[in-house]
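Notes for the one structure printed next.
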Amino acid sequence: MPIHILAGAALGIGSDTGRMLFGSGLIVLALWLLRYDVATRTVRFDGRARFFALAMLAGYLWLPVSGMILVLGIDAPLAYDALLHSILIGFVISMVFGHALIILPAVAGVRLAYHPALYVPFATLHLSVLLRVTGDLMELEGLRQSSGLVTVLAVLGFALTNMITARIRRGRP
11 MPIHILAGAA LGIGSDTGRM LFGSGLIVLA LWLLRYDVAT RTVRFDGRAR
61 FFALAMLAGY LWLPVSGMIL VLGIDAPLAY DALLHSILIG FVISMVFGHA
111 LIILPAVAGV RLAYHPALYV PFATLHLSVL LRVTGDLMEL EGLRQSSGLV
161 TVLAVLGFAL TNMITARIRR GRP
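Going by the numbering used here, the first residue of the sequence shown is number 11, and it counts up by one from there.
In structure tokens form, the structure reads like this:
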């Protein structure tokens, strides 16, 4: 699996071989993660553990979307945009959402608390990627443009929710 991704990246997705290797590598990576990652077990827990797990699993689901765009050689004019957004927003930012409550306190000394309100920006983020990929592949410009605003709202909502819950946790209004 990693060799597929590395070889595909080295060859470049502009070539058929590179595109197929990279795309199939993303699909296999997602299947492996969905089978073996601890998130598949911790999703049954409550609270922050469930939130972390759902963020991981939702991010993993965007990898095969990216892989299928490549493997199928989808020839939509904006297929590359769909590919980038499904990986960078759908996968990467979902990983950031899922790890922020662990990493930021360790790195920046910021005390963050889990709150169920975090599901709102989390769901908004994935809605934005769905809008973007759909808009790209179906060439719906209005949908594409609105997805950008929805993504910004999701990221700002995540930051704002964390700031509010951190203040509440410290006992401030």
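All C-beta atoms in this analysis are idealised placements derived from N, C-alpha and C, irrespective of residue type, glycine included. Quick caveat: nothing in here was measured; it's all calculated off a predicted structure.
- Its Cα nearest to that of M148, the residue A86 stands out among L16, A86, G35, L44.
- Cβ-Cβ distances below 7 Å link G167 to V130, P131, T134 in the same chain, with the five nearest sequence neighbours on each side left out; the list follows chain order.
- Taking a cut-off of 8 Å on C-beta distances, the stretch 88-103 does not touch the stretch 47-60, as fewer than three cross pairs fall below it.
- Distances from the CA of A169 to each of Y46, F107, A40 were compared; the closest alpha carbon is that of F107.
- For P87, no alpha helix (DSSP H) run applies, since DSSP gives it neither H nor E.
- Between H125 and T171, the beta carbon gap of about 7 Å places them in contact (Cβ cut-off 8 Å).
- Counting along the chain, G35 sits inside the alpha helix (DSSP H) bounded by residues 26-46.
- Classified as buried, H136 has 16 or more neighbouring CB atoms from the shown chains inside 10 Å of its CB.
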